[in-house]
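Report on one structure; see the data block that follows.
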Ligand code: GRF
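Numbering (our numbering), first residue to last: 2 to 234.
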């Protein structure tokens, strides 16, 4: 992938993760070109964040389409005007069609607020509290056809605090997301992490486990563990 990786960010809502990308790129800590911010919702605050940062925006409302495939084709045609190397899903609340995922195979990232493979789907924070889990977090992964099921790149873990609400937990998870998502996307943008032929490679070696970063309850990074890279496969 090119050093200056052309990146499209897809949002449906507030876009705090988008803001984390904007801030990191703005201070020179992340070497991506934020080429366009796309939304399926014209009132998504993420579009305002993009405009404020001088990033081109595009919006196509999905309500005007009768089926997922035709919306996704229009979205792809629009995105391709910027010839993106990488698509970042940042709170993009649409399931992507198989054809869309195939078109950008290995070039779509998502962040899911759970320690995947645990808790795919919605309401993850409440489900973690209901289960009495001691740990929660968020996972950056490549997007495949399987919802929240693609190869994991980087996982941020933090302890659940006794008595906290789902909203409080969600806020702490989001603060971790704002650290791990730009970092993982940077690795992909630099070509250090790639997904091809069904395998994830980190620095050229096959690595089927995510990098794990452990945070304290205040969101301070404590520890990083790299998976044991296996060069024999
Ligand atoms: C994030 O919490 C992310 O995990 C999920 O959607 C949320 C988006 O939040 N996929 P924001 O719009 O970036 O604030």
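Ideal Cβ placement from N, Cα and C applies to all residues, glycine included.
Could you tell me whether any non-hydrogen atom of the ligand GRF is closer than 7 Å to the CB of residue i?
{"i": "residue 112", "result": "yes"}
{"i": "residue 40", "result": "no"}
{"i": "residue 167", "result": "no"}
{"i": "residue 17", "result": "yes"}
{"i": "residue 180", "result": "no"}
{"i": "residue 176", "result": "no"}
{"i": "residue 122", "result": "no"}
{"i": "residue 164", "result": "no"}
{"i": "residue 14", "result": "yes"}
{"i": "residue 47", "result": "yes"}
{"i": "residue 92", "result": "yes"}
{"i": "residue 139", "result": "yes"}
State the DSSP-derived secondary structure class of residue i, mapped to helix, strand or coil.
{"i": "residue 58", "result": "strand"}
{"i": "residue 234", "result": "Residue placement at residue 234 is flagged as unreliable, the pLDDT there being 36, under the threshold of 50; a coordinate-derived value is accordingly withheld."}
{"i": "residue 184", "result": "helix"}
{"i": "residue 115", "result": "coil"}
{"i": "residue 84", "result": "coil"}
{"i": "residue 178", "result": "helix"}
{"i": "residue 19", "result": "helix"}
{"i": "residue 229", "result": "Note on residue 229: pLDDT 47, under 50, position unreliable in the model; no value is reported."}
{"i": "residue 103", "result": "helix"}
{"i": "residue 97", "result": "coil"}
{"i": "residue 170", "result": "helix"}
{"i": "residue 72", "result": "helix"}
{"i": "residue 7", "result": "strand"}
{"i": "residue 46", "result": "helix"}
- Message: Give the list of continuous beta strand (DSSP E) stretches no shorter than 3 residues that lie fully inside the segment 126-164.
- Response: If we require 3 residues or more, the beta strand (DSSP E) runs fully inside the segment 126-164 come out as 136-143, 153-160.
- Message: Report the start-end ranges of each beta strand (DSSP E) in the segment 197-221 that is 3 residues or longer and not cut off at the edges.
- Response: Taken in chain order, the complete beta strand (DSSP E) segments of 3 residues or longer contained in the segment 197-221 are 200-203, 212-216.
- Query: Are at least three pairs of beta-carbons, each pair with one atom in the segment 198-210 and one in the segment 43-55, less than 8 Å apart?
  - Reply: The segment 198-210 vs the segment 43-55: no contact.
- Message: Tell me whether the segment 137-156 and the segment 194-205 touch, counting them as touching only if at least three CB pairs, one residue from each stretch, are closer than 8 Å.
- Response: With a cut-off of 8 Å, the segment 194-205 and the segment 137-156 count as touching, because enough Cβ pairs lie within range.
- Message: Contact between the segment 3-13 and the segment 24-36 is defined here as three or more beta-carbon pairs at a separation below 8 Å; is this criterion met?
- Response: Yes, since at least three Cβ pairs between the segment 3-13 and the segment 24-36 fall closer than 8 Å, the two stretches touch.
- Message: Check whether the segment 130-148 and the segment 91-103 touch, using three or more Cβ-Cβ pairs below 8 Å as the test.
- Response: At 8 Å Cβ cutoff, the stretches touch.
- Validate contact between the segment 116-127 and the segment 166-176 using beta carbons, cut 8 Å, 3 pairs: These segments touch.
- Message: Check whether the segment 176-190 and the segment 59-76 touch, using three or more Cβ-Cβ pairs below 8 Å as the test.
- Response: Segment contact: the segment 176-190 against the segment 59-76, fewer than three CB-CB distances shorter than 8 Å; contact not assigned.
- Any chance the segment 49-59 sits against the segment 22-29, with 3 or more Cβ pairs inside 8 Å? Taking a cut-off of 8 Å for Cβ pairs, the segment 49-59 and the segment 22-29 touch, as three or more such pairs fall below it.
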